[in-house]
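Novice:
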Amino acid sequence: MKIKRLILAATTVLTLSVCSMQPAITASASSQNCLVEQGENSVAPRSDVTRWLYKIEDGKVYKRLYNSSIGVWIGDWIYVGEYPGE
Numbered sequence: 468m469k470i471k472r473l474i475l476a477a478t479t480v481l482t483l484s485v486c487s488m489q490p491a492i493t494a495s496a497s498s499q500n501c502l503v504e505q506g507e508n509s510v511a512p513r514s515d516v517t518r519w520l521y522k523i524e525d526g527k528v529y530k531r532l533y534n535s536s537i538g539v540w541i542g543d544w545i546y547v548g549e550y551p552g553e
């Protein structure tokens, strides 16, 4: 019985000492955009916001990609299929 307590105590001490040795990693997020300068080139991590817009014409469904960031259409209208509601 005494040996079991000794083993349990040793295991607990080893576990706690190993856990306390690991460094704490913290990360902070910034709400500002990051700008990385490399010589004459600079990189700003941004991407365009695009979305599919749909239209129904003569019972047929069409879709087209729209870039909301710069306000331009991407590509032509693409036929999707028949509209089931009509």
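Residue numbers (this note's numbering): 468 to 553.
Every residue, glycine too, gets a C-beta built ideally from N, C-alpha and C.
Note that the structure is predicted; figures quoted are calculated from it, not measured.
Starting from the C-beta of Asp515, find all residues in its chain whose C-beta is less than 6 Å away, skip the five residues before and the five after it, and write them out in chain order.
Specialist: Result list for Asp515: Asn534, Ser536, in chain order.
Novice: So, is Ala491 buried or exposed, given that buried needs 16 or more other C-beta atoms within 10 angstroms?
Specialist: Because the pLDDT of Ala491 is 48, which lies under 50, any placement of that residue in the model is unreliable, and the number read from its coordinates should be weighed accordingly. When all chains shown are included, Ala491 counts as exposed.
Novice: Would you please state the rounded distance, in angstroms, between the beta carbons of Tyr546 and Tyr529? I believe it to be under 8 Å.
Specialist: That pair is a contact at about 6 Å.
Novice: Alpha carbon to alpha carbon, how far is Thr517 from Trp544?
Specialist: Between Thr517 and Trp544, the C-alpha separation is close to 15 Å.
Novice: Give the range of the beta strand (DSSP E) segment to which Val543 is assigned.
Specialist: Sequence check: residue 543 is Asp here, not Val. Taken as a continuous stretch (DSSP letters only), the beta strand (DSSP E) holding Asp543 covers 539–549.
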